[in-house]
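Q:
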Amino acid sequence: MRDLQAIADRVEIEALRGEFTDSAMSRDYDRFANLFTVDGVWRIPGAAEFFNRADIRAGIERLQGGWEFFTQSIHPGAVELKGDTATGRVYVEEFGRFKDGRSHRNYSVYHDRYLRTSDGWRFAERVYEMRYQDDSPLLGEAVRPNFGLNPAYFR
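To convert a position in the sequence shown, counted from 1, into my numbering, add 40.
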């Protein structure tokens with residue numbers, strides 16, 4: 041790949057996908073919603089569908105509010121560039137425990153459509169496809185960080 045614009049586009053799209061996970065994990069719901077176009081769509085078939093930034097913002101807050109703890113890891117998939125649009129996939133591993141004590145683990149794929157905007161690449165649509173689900177009880181416990189132990193680590 042020698043096209044510098046294509047390389048830059050791929051780096052920016054990968055950053056967008058990372059920001060999605062980071063904003064969800066850090067519960068920065070405004071940042072999360074702004075990763076989508078104004079009329080962006082986020083679909084979790086069988087669970088939820090959101091059709092604009094305001095709905096996405098309210099939806100992620102509601103969904104995250106049900107978890108005692110939640111983790112998401114992503115693994116890069118394909119990206120196909122088509123000028124100011126692109127498509128791609130991201131492979132996802134999630135696990136956590138709901139506040140009601142139920143546990144959940146899954147392996148999934150996000151099917152994405154991206155759009156270049158004046159603010160950079162954004163999700164036009166994300167569709168979640170669960171490939172494996174396990175609701176067996178998680179035997180461990182959530183660890184609450186104590187950042188006071190070694191503040192130099194976080195500088």
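Cβ coordinates follow ideal geometry from the N, Cα and C atoms, glycine included. For clarity, every value in this text was computed on a predicted model and none was experimentally measured.
Counting along the chain, where does the alpha helix (DSSP H) carrying S63 start and finish?
A: Its alpha helix (DSSP H) spans residues L44 to M65.
Q: Are three or more beta carbon pairs between the region 99-114 and the region 134-154 nearer than 8 Å?
A: Yes, since at least three Cβ pairs between the region 99-114 and the region 134-154 fall closer than 8 Å, the two stretches touch.
Q: Would you call Y154 buried or exposed, if buried means 16 or more other Cβ atoms sit within 10 Å of its Cβ?
A: When all chains shown are included, Y154 counts as buried.
Q: Tell me S158's beta-bridge partners as DSSP assigns them.
A: For S158, which the question treats as bridged, DSSP gives no partner whatsoever.
Q: Straight-line CA distance for V130 to R102?
A: Approximately 23 Å between the Cα atoms of the pair.
Q: What alpha helix (DSSP H) runs, 4 residues minimum, are completely inside the region 64-112?
A: Whole alpha helix (DSSP H) segments, 4+ residues: 69-73 and 93-105.
Q: Of all the options K139, S158, F163 and N146, which has the alpha carbon lying nearest to the alpha carbon of A182?
A: Taking only the C-alpha atoms, the option nearest A182 is K139.
Q: Kindly list the residues whose CB is nearer than 7 Å to the CB of E133, restricted to its own chain and excluding five residues on each side of it in sequence; keep chain order.
A: If we look at E133 and ignore the five residues flanking it on each side, its Cβ neighbours are S113 and Y147.
Q: Closer than 9 Å, CB to CB, is Q112 near chain D or not?
A: No chain D is present in this structure, which holds just one protein chain.
Q: Going by DSSP, what residue range makes up the beta strand (DSSP E) through A126?
A: Looking at the DSSP string, the run of the beta strand (DSSP E) that includes A126 is T125 to F138.
Q: If contacts are defined as beta-carbon pairs under 8 Å, then R83 and E89 qualify, I think. What distance do you get, rounded to the angstrom?
A: So it is a contact: roughly 5 Å between Cβ atoms.
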